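Some notes on the structure that comes next.
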Amino acid sequence: MAQIAMATGFILILIGLYGALTNRNLLRMIIGFTIAHSGVNLVLVAVGYLSGRTAPILDSAVPMAEAAERIIDPLPQALVLTAIVIGVGVTALMLAYAYRIYVTKGTLDIGKCRELKW
Amino acid sequence: MVDGISFIAVSLGAAFLLGMLRDSWRFAAYGVSLATLAFLTWNAFCWTKGFAVDGLVPIEIFTAGTPPPFAVNLRLGLTESALLLLVHITALLSAIYLRDTLMQQGRRAMSVLLVLCMALSGIILTRDLFNLFVFVELTVIASGGLILLSQDKRALGAGFKYLIVSQVMSILLLIGIFFAYQATGTINIDGMAEQSALLFKGGFLAFFLMFMAVVLELKPFPANGWALDVYESAHPAFSAIISAAVGAASLIALDKLLLIAGPDWLMLTSIIGLITFIAANLFGLAQENDRRLLGYSSVGQIGLVMLVLGQKDILGDNYLFVVGGILLAHAVAKAGLFWISGLVQGRELKDWAALRQRPLLLFAFASFIALLMGLPPFPGFYAKWELVHALAAADRLWLLGLMLFASLLEAGYLFRWFGYVIKRDLPEQPLACPWHKRTVVMLALVAAWALAYIWGELSPHSNLLHLLPLLFALAFLVLEPLPAWLKNLLAIGGMVVWFLLSYPGYDPLQLIYGGIILIGGSIIFLASFYGSAQRRLGFYPSAMLMYAGLSLLIVAEDSFNFFAAWELLTVGSYFLILRGKESEPHALSYILFSLGGAFLILAGFALAGLGAGQIPLARLADLSGQTSGELAGWVFLLLAIGFLTKTAAVGLHIWLPGAHAEAETDVSPMVSGILLKAGLFGLTMLLMTMGKQQLYGVELTHVMLWIGAISALVGNLLAVFQEDAKRLLAYSSIGQMGYAVFGLAMMNHLGWMMALMFVINHYIYKSMLFLSVGGVAKRTGTRLMYQMGGLITLMPLSFIAVLIGIIAVSGVPPLSGFGGRWIFYNAIMSDEYRLPLVIIFLAGPIAFLYLFRLIHTIFLGQLKDEHRKLKEAPFWIVLPQMIFVAFLMIFALVPGLALRHVDVYIGQFFAGGPSLNWEGLTITSQFGQWAPIPIMIIIGVIFMTLFLWLLFVNRRAQKVKQFNIVFAAERPYRPETTHFAWNFFAPYRKALGFLTQPLVTRFWETLTDLLHQLADLLRRFYTGNGQTYAVHLLLFVVAVYLLQKGMM
């Protein structure tokens, strides 16, 4: 199960990056990066998953003493949550940029943003 | 001093507070932002002081009250606090600079700035990898926001490109961190460092991805197209923050990762840094846009620091000193330059000429350039000295060579830019400099000099800012508002007093050089009284800097002080030469050749150090005994080429004619009569300590002998065919220095005597001739000899000076030039090298040709109509000439005054060889004798006899007025071509012209052209397309992966 998730994650990363680097439309690029980010998060969760264990919630079902053997590692999950939040922030900023570029230049083509070079 | 967590909590809190203010309370919001940044700057300062001065130990800050690995911990030590200070002070000053923009954009922009500071502080402080990721992403978001502060519409595209690549980086970083966690079970940096064996067993790729993500933050070539676009289009105050603060924070992140990585990854870091340093400086050559150029330079400097990070294994205790020196120098200089770029209205490098309207800003610009180049007394100088020595000691010579080469490229565009600022026309748009922006630049200037002082104190060698001559030179910066005659008086007084103070400590050799530099220099300064009604801004600090360097050079006892003095005199003379009207390209070629030479000297000293940070110069003598193989030969070669650059030996001479000829009237004698002696002093020092050296069986002094002979021949030949009088004198210097080098390279007693004789003679007559020709040029308004003529009656004193001068140069009796020749003939007769002897003999008569031309075409012949009302050259220009005439006479009559002591002194180096006998006023050698006074009398009698005879036979000659003839026929197309002085030696040119083909000039021109074309071609690789940049990035990652796999 974890292997499938991880493989899917990597495939998503590749699809996302491929999309972001081959589409010239800013919005499509942003979507590409979002897909890649989802892939990353999937991989991370899959990495942290230990088969046969339960969620890292300490209550009557999982007493403190057995926690170390019975729960999966909570760290990757906590970190993935943070990564998702940051991803949202960056995506929002990119969208804002895309909007501003559209307002200023009247286009969403990344190929048209080439005044700066060399 | 407030708890370290405040660097994160306070700015975050203030950012939230700004969010709660009303939109219209802009002043309040701005006040809160400034107060926050000022508080944190103060706090960082207190911590830095605490660690550096009061000896605090680094502290750990546990967040969530738990030690790692259960919670994130931060560490605050000296490095961290210094970087925090850098970040906050840059942000504070930029915020002041951005006053109008921030007030217009409102509190949101201010809170983004605070968040950026918080994020950078986080990167600096954290010891947790995931925390590092979070702060890196926050930096990206905040930077993405601040890029939009710019008015430039192109910034939108640049910002988007930045976000594209940062997305790729964040993916790499996240995956890397997680797999590294998987391998080691911790995300604490120190924890992971302990487990690094475990990490590299299965997690090579994991670490590689983290490493690459952080390296990519540092904008390595070729994955840095986006960074250049950002630098070019962002608001300069924000570019200052990226270059100084973000760069510094990313570097410490890399340093933390290298802690985990272990030694295998150090060389990789250095290679990436080196490639970036070379490529950025190469591309910089082709830039005309100021901010993009600064961008290239930033990228390059960060690359250089990366190179140093990778040399951690060999730098040892000096690691922080070297990294800090280079990094802080870069940060201050780059921030300062970006801030200045906001004051300049035009975007081309030439538009910076507007800085001339504000001398203080110009001084700031010069200081920043020197700071970037690592010239003394700035921190980069000390840092590079240690770095180069460490590299040489560890035998990483390829790294050393390529680094110095790239530094020379950097010098190329920086000094070209400086030349534009000083020499180009003022642009139409004046500077826009409101006081708050100017204050910010001035604070950067203060920081630059403060760092110079601090690094001097930290340095294991001496603090250059404690050297009296240097301080005296710098004091003239403060005295600039005084009238020039007063400054001139002070300069002369200072030099004479310094000579008297140093006199007791000089040995005879130093006395000769010291006398020429300090007393001789004061005499030339007399000429500067002319035209001293103006203030001559910049003249005295430059000249005194050169003299300070020269006077320190001759007393230097160890390699560090010698090299520092060498650089000081180079920089000072560059500023002096640049003052000439048309001297922009010549000054540039001078400084580039000189710096190239200086780098060779640096490398030579570093090799000779054998691991020591500096060596007493006398220790050079033991080198061949201590080392096996060819090391001593290489040291000799590097040092010798370095010194020969300054004496303009053939092949390295192309800077000299322009630099000397285009310099101002009183500067030409300084740079010709005095400055050239620095190279000779260096050679004397070298030969005195190292003596004869061989490299792969080639006797190096023998090669030098040939170089001297060919320089003499070629220099003299080229002088013959000049139309410009000052150029003629300049080329003649190449020839004269050739004689001196030849003499030194003979490595015997008389050869050295001859060289010293040339040192003294060349100073006197070349200074005198440059002054007289300069005075004539001032009166006639031209330096072309065919436009002069018949000036003998109008300018008799100048005529006498030139007459005496050429008699002395040509080496005919009775003047001191003959003494030089006499010793020379004695010297070569006792020597076995025949072929170079023939060449140098040949050079003698050629000198007659150009000397004859000089006096004949300027002073004899027909007076030009437009010159009829000329007066004698100005008093202050004539006065030193007359002093020189007197000198020459005295020196001709009693050469023993100066030379016999030197003779004895030299005797100790060449025991048993042929020497001279100084009895009474006659000097005898094994081949004959030289009696100056009888010679003078005999020549005088002959001259008077012939003169009277001439008067007698001419007594009935009729004087013909100049226009007592009939002009007929047409007016020629170029009238000057019919003048007898035009192409004076046409027949000789036909015969020998092939020897004067500008082969060397063409060689160097082709080389620079090639470099420029290469730069122009390769930079097209940055297509401007964000997606292409992302592809570059991915390919770069793959390439580095393969490289590292291959290396491990």
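These protein sequence lines are chains R and Z, in that order.
Straight run, no breaks: the first sequence in our numbering ends on number 118.
Straight run, no breaks: the second sequence in our numbering ends on number 1166.
The C-beta atom is built at its ideal place from N, Cα and C for all residues, glycine as well.
Since the model is a prediction, treat every value here as computed from it, not as a measurement.
With the criterion set as a beta carbon lying under 7 Å from some beta carbon of chain R, the members of the stretch 1127-1143 of chain Z are Arg1137, Arg1138, Tyr1140, Thr1141, Gly1142, Asn1143, in sequence order. Across the set Leu93/R, Asp109/R, Leu108/R, Ile72/R, the C-alpha of Leu93/R shows the shortest separation from the C-alpha of Gly263/Z. In the three-state reduction of the DSSP assignment, Phe799/Z falls in the helix class. A straight-line Cα-Cα distance of about 22 Å links Ala570/Z and Glu598/Z. When secondary structure is reduced to three states using DSSP, Leu813/Z falls in the strand class. Straight-line spacing of the CA atoms in Ala1157/Z and Leu392/Z works out to 16 Å. In this structure, the CA atom of Leu42/R is about 28 Å from the CA atom of Ser368/Z. Residue environment analysis places Ala315/Z among the exposed positions, since fewer than 16 neighbouring C-beta atoms fall within 10 angstroms of its C-beta.
Under the 10 Å beta carbon count, Arg845/Z is surrounded by 16 or more other beta carbons and is classified as buried. For Asp842/Z, the three-state secondary structure derived from DSSP is strand.
Under DSSP, Thr244/Z shares a beta bridge with Leu192/Z. Residue burial annotation: Lys605/Z is buried, with at least 16 other C-beta atoms found within 10 angstroms of its C-beta. Exclusion of the five residues before and after Phe163/Z leaves Leu203 as the residues of its chain whose Cβ lies within less than 6 Å of its Cβ.
Residues of chain Z whose Cβ lies closer than 8 Å to the Cβ of Pro76/R are, in chain order, Phe296, Tyr299.
Per DSSP, Thr304/Z lies in no alpha helix (DSSP H) segment and is marked neither H nor E. Taking the CA atoms as reference points, Val252/Z sits about 15 Å from Ile307/Z. Counting C-beta pairs with one atom in each stretch, the stretch 1140-1150 of chain Z and the stretch 343-356 of chain Z have three or more that are closer than 8 Å, which means they touch.
Using a Cβ distance threshold of 8 Å, Thr394/Z and Gly428/Z do not count as a contacting pair. Taking a 10 Å sphere around the C-beta of Met613/Z, we find 16 or more other C-beta atoms and assign the residue as buried. Counting along the chain, Thr1040/Z sits inside the beta strand (DSSP E) bounded by residues 1040-1042. What Val258/Z touches in chain R, judged by beta-carbon distance under 8 Å, is Val90, going in chain order.
Of the candidates Phe278/Z, Leu619/Z, Trp752/Z, Val440/Z, Phe278/Z places its Cα closest to the Cα of Arg114/R. In terms of beta-carbon proximity, Asp246/Z stays away from the interface with chain R, with every pair separated by 8 Å or more. Here DSSP, grouped into helix, strand and coil, assigns Thr54/R to strand. Look at Met94/R: its C-beta is under 8 Å from a C-beta on chain Z.
Annotated three-state conformation of Phe180/Z is strand, per DSSP. Residue pairing by DSSP places Glu1037/Z opposite Thr1040/Z in a beta bridge. Around Ala404/Z, the same chain offers His1130, Ala1133, Asp1134, Arg1137 as residues with beta carbons nearer than 8 Å, after the five sequence neighbours per side are excluded. Listed along chain Z, no residue sits closer than 7 Å to Ile71/R by beta-carbon distance, the nearest being about 15 Å off. At a Cβ-Cβ threshold of 8 Å, Ser669/Z and Gly776/Z do not count as neighbours.
Against chain Z, a Cβ distance below 8 Å from Arg114/R picks out Gly275, Thr1141, Gly1142, Asn1143.
At least one beta carbon of chain R lies nearer than 8 Å to the beta carbon of Ile289/Z. In the three-state scheme derived from DSSP, where H, G and I count as helix and E and B as strand, Trp1048/Z is classed as strand. In its chain, beyond the 5 residues on either side, Tyr881, Lys884, Ser885 have a beta carbon closer than 6 Å to the beta carbon of Gly791/Z. Within chain R, the residues placing a beta-carbon under 9 Å from that of Arg272/Z are Cys113, Glu115, Leu116, ordered along the chain. DSSP places Asn399/Z within a helical segment (H, G or I) once states are collapsed to three.
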